[in-house]
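Remarks on the structure that follows.
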Ligand SMILES: [Fe+2]
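Residue numbers (my numbering): 137 to 332.
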């Protein structure tokens, strides 16, 4: 049994119960387990050792992520010269399912992503369409629409969607944020790029 099956099951239950998530995309029906090795990062220890409180709907996924944090293949998209050492020490994500995830599918990509408190995730974009769900903590999300900036403060259970190549950013204040992120459509296998 894959070590992250409990995370996948909790994510599936949350997807089924959250209207914004199942409206974004159906749950992929072609998931197959892949044997990705565990890859710890400083952020994976923070996730495992920090008490993270959500709402009833998100708590089971938070608990599953924390309990299995040591088994996940944690990654950084960015380099130190792009975001700084403190950012890399307190941020990390893994691909739960998708083209290169712990469970393989070509239909949808799902990430678990964490940022510590007081971090600014600068303007970036990617081809795939995206929806963030805040599991625990909070953050201010920024996006640009035809030159106009919009912002929203997300708390547990709240979502924020971005269209293809829409530039967006995020800032945490006094709390870390744990998120579940879905990507769909063209560019599913791509990566985000920092705005230049
Ligand atoms: Fe994004």
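A virtual CB, placed ideally from N, CA and C, is assigned to each residue, including glycine.
Worksheet item: Any heavy atom of ligand 1 closer than 8 Å to the CB of residue 230?
Response: Numbered from its first residue, the chain shown carries residue 230 at position 94. No, Cβ of residue 230 sits at least 8 Å from all heavy atoms of ligand 1.
Worksheet item: Counting by C-beta, which residues lie closer than 6 Å to a heavy atom of ligand 1, in chain order?
Response: 262, 266, 298, 304 and 328
Fill in: Simplified DSSP assignment, three categories, for residue 211
If you number the chain shown from 1, residue 211 lands on position 75. Three-state result, residue 211: strand.
Discussion item. Give the list of continuous beta strand (DSSP E) stretches no shorter than 3 residues that lie fully inside the stretch 277-313.
Written reply: 284-290, 295-298 and 304-307
Worksheet item: Going by Cα to Cα distance, which pick from 330, 205, 318 and 328 is closest to residue 159?
Response: Taking the chain shown and counting its residues from 1, one reaches residue 159 at position 23. Comparing Cα-Cα distances from residue 159 to each of 330, 205, 318 and 328, the minimum goes to 318.
Discussion item. Would the stretch 155-170 count as touching the stretch 195-203 if we require 3 or more Cβ pairs under 8 Å?
Written reply: no
Item to complete: Go through its chain and collect everything with a Cβ distance to residue 271's Cβ below 7 Å, but skip five positions before and after it.
Response: Along the chain shown, read from residue 1 onward, the residue named residue 271 stands at position 135. Excluding positions up to five away in sequence, the list reads 190, 194, 197, 198, 292, 314, 315 and 316.
Fill in: For residue 165, the three-state DSSP class (helix, strand or coil)
In the chain shown, the residue the question calls residue 165 occupies position 29. Here residue 165 sits in coil by DSSP.
Practice prompt. Quick one: give me the first and last residue of the beta strand (DSSP E) that residue 266 is part of.
Written response: As a position in the chain shown, residue 266 is number 130, starting the count at 1. Segment 265-273, the beta strand (DSSP E) holding residue 266.
Worksheet entry | Reference residue 186, options 298, 287, 263 and 273, closest by Cα | The residue labelled residue 186 in the question sits at position 50 within the chain shown. It is 273 whose Cα lies nearest to the Cα of residue 186.
Worksheet item: Cβ of residue 250 within 9 Å of Cβ of residue 227?
Response: As a first step, residue 250 is located in the chain shown; it is residue number 114 there, counting from the start. As a first step, residue 227 is located in the chain shown; it is residue number 91 there, counting from the start. Closer than 9 Å, so yes.
Item to complete: Compute the distance between the beta-carbons of residue 157 and residue 232, then report whether it is under 9 Å.
Response: Numbered from its first residue, the chain shown carries residue 157 at position 21. Numbered from its first residue, the chain shown carries residue 232 at position 96. No, they are not a contact pair.
Worksheet item: In chain order, what residues of the same chain have a beta carbon less than 8 Å from the beta carbon of residue 209, not counting five sequence neighbours either side?
Response: What you label residue 209 is simply residue 73 of the chain shown in a count that begins at 1. Within the same chain, residue 209 has close Cβ partners 172, 173, 174, 175, 230, 231 and 238.
Discussion item. Can you find the residues in the same chain that come closer than 7 Å, C-beta to C-beta, to residue 243, ignoring five residues on each side of it along the sequence?
Written reply: One-based indexing of the chain shown puts residue 243 at position 107. Cβ neighbours of residue 243 beyond the five flanking positions: 164 and 166.
Fill in: N- and C-terminal bounds of the alpha helix (DSSP H) containing residue 122
Lying before the first or after the last residue shown, residue 122 is absent from the chain, which here runs from 137 to 332.
Worksheet item: Under 9 Å, do residue 327 and residue 262 count as touching if we go by C-beta distance?
Response: The sequence position of residue 327 within the chain shown is 191, counting from 1. The sequence position of residue 262 within the chain shown is 126, counting from 1. Cβ distance < 9 Å, so residue 327 and residue 262 count as in contact.
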